[in-house]
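Numbering-wise, the sequence shown is residues 3 to 383 according to the numbering used here.
To keep things clear, I will list the structure first and then write my remarks on it.
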Amino acid sequence: MPGCYTDLDLSPNPLELARQIRAAGAGYLDLTSSNPTQQGLLFPAEILQQAAEGYWATRRYQPDPRGNPHARAAIVDYYATRSPALALDPEAIFLTASTSEAYSLLFALLADPGDNLLAPCVTYPLFEYLAALRNIELRSYDLIEAEGWRIDADSLRVAADERTRGVLIISPHNPTGAIIDAALPALTQLGLPIICDEVFAPFHYAAPPAPPLAALHPELPVFTLNGISKLFALPDLKLGWIALNAAASHYAPRIELLNDTFLGANGLTQSLLPHLFAHGMPFVQQMIARVRRNIERACSLLHDHPYLHLHPPAGGYYLFPSVSGWDDEEALALHLINQGVLVHPGFYYGDVPGCHLLISALTDPQVFDVGLAILADHKRW
């Protein structure tokens, strides 16, 4: 059969089938959700209403392939507050409907079918599907778990060849929470464009906030991706962006054409963005506090646990503990759903050595505490 995804088994996997059965019966505690709107984290409605008031009276369709100028100016101001500050030109900002759309545009920008991009071996299951849309190969580079999931520089260099067109980096990393806090000589040596996803940038725990990678590597073309889905807990309003540093500025005309082809970002959400940045940061701090509280709770409960080994993440809002005593992650996840707790097995996130589980620290604290207590009770293992 021609077309995309024809070689995939799209039927429900065993854990999903078990989840459905449990949901229809005794129920379960979900420790995997990354959807803030399902975890009681709703961006203040009054701020959204105030932000939208001016839009309706002056509503006009004025498409701009870069995006609303006021929204782009607000993004520039935001990066000026980061540490270290990242100086950007408003003309180097491109608004998209999401970071997923931004990735798709950049894959088309950088690579032809048969080319490859370098991606971490452990990561959120998104890149493989986007790469398949373009017939692009993804080549994995390793992360060193024993060193806080640091990028293995030798692995990165070995993965590259004459058809490598760019490197994908997530900082803070999803799901390990690793943060890149200094320039990486291997990236400079490769000299390739970098797509850096920093949607979890506000969330940090065992390290200072993640610095913009574009500020660490001004000599390389860096495309910084972010959006309001994680930053303001507004996944339903669909707005992301691509920010080009000076070394990437020569790509701007082609990105403009690519973005103009779709014009995915809607006018209302673009118009809201300056108001969100001006008035939404106290809510962001509430989310950060929720995640920090849950991570601290997990570190306390799982300290010296005989089977679950949790190292405090540098950032992000996931926990990715390793597990001893189990070789089959799927069997472990199925065992735990039968105990009433839904977690994700590590293999959902790539070729992860050993046995791992994913837990979301964004979870409602009451649910998180009860679910984590079940996990911490080693007699249930």
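C-beta: ideal position from N, C-alpha, C; glycine also.
Assuming A363 contacts N296 under a Cβ cut-off of 8 Å, what Cβ separation, rounded to an integer in Å, is found between them?
-> Contact between A363 and N296 is confirmed by a C-beta separation of about 4 Å, below the 8 Å threshold.
Since L215 and S173 are thought to touch, with beta carbons under 8 Å apart, how far apart are those beta carbons, to the nearest angstrom?
-> About 6 Å; that satisfies the 8 Å criterion.
With a floor of 3 residues, list each beta strand (DSSP E) that falls wholly inside the region 142-212, ordered by position along the chain.
-> If we require 3 residues or more, the beta strand (DSSP E) runs fully inside the region 142-212 come out as 166-172, 196-199.
Between which two residues does the alpha helix (DSSP H) containing N261 stretch?
-> From DSSP, the alpha helix (DSSP H) with N261 extends over 254-264.
Measure from the C-beta of G29 to each C-beta in chain B and report whether the shortest distance is under 8 Å.
-> Among the protein chains of the structure shown there is no chain B, as only one such chain exists.
Strand pairing of Y320, partner residues [DSSP] | DSSP output for Y320 lists S362 as bridge partner(s).
Mind the definition here: the region 236-246 touches the region 268-287 only if three or more C-beta pairs lie below 8 Å; say whether that holds.
-> Yes: at least three Cβ pairs fall under 8 Å.
So, is A245 buried or exposed, given that buried needs 16 or more other C-beta atoms within 10 angstroms?
-> By the Cβ-count criterion, A245 is buried, with 16 or more other Cβ atoms from all chains shown falling within 10 Å of its own Cβ.
D32 (DSSP reduced to helix, strand or coil) | Look at D32 here: in three-state DSSP terms it is strand.
Among all the DSSP beta bridges, which residues are the ones paired with E139?
-> Paired residue(s): N118.
Since N340 is in the alpha helix (DSSP H), which residue starts that stretch and which ends it?
-> Looking at the DSSP string, the run of the alpha helix (DSSP H) that includes N340 is 331-340.
L3, buried or exposed, once every other Cβ within 10 Å from all chains shown has been counted against 16 = One point to set straight first is that residue 3 is Met, not Leu, in the sequence displayed. Classification of M3: exposed, given that the 10 Å Cβ count is below 16.
In chain order, what residues of the same chain have a beta carbon less than 6 Å from the beta carbon of A217, not counting five sequence neighbours either side?
-> Correct list, in chain order: P86, L88.
Starting from T125, follow the alpha helix (DSSP H) in both directions and report where the run begins and ends.
-> That residue, T125, is in no alpha helix (DSSP H); it is neither H nor E in DSSP.
For H307, which of helix, strand or coil comes out of DSSP?
-> The answer is coil: DSSP assigns H307 none of H, G, I, E or B.
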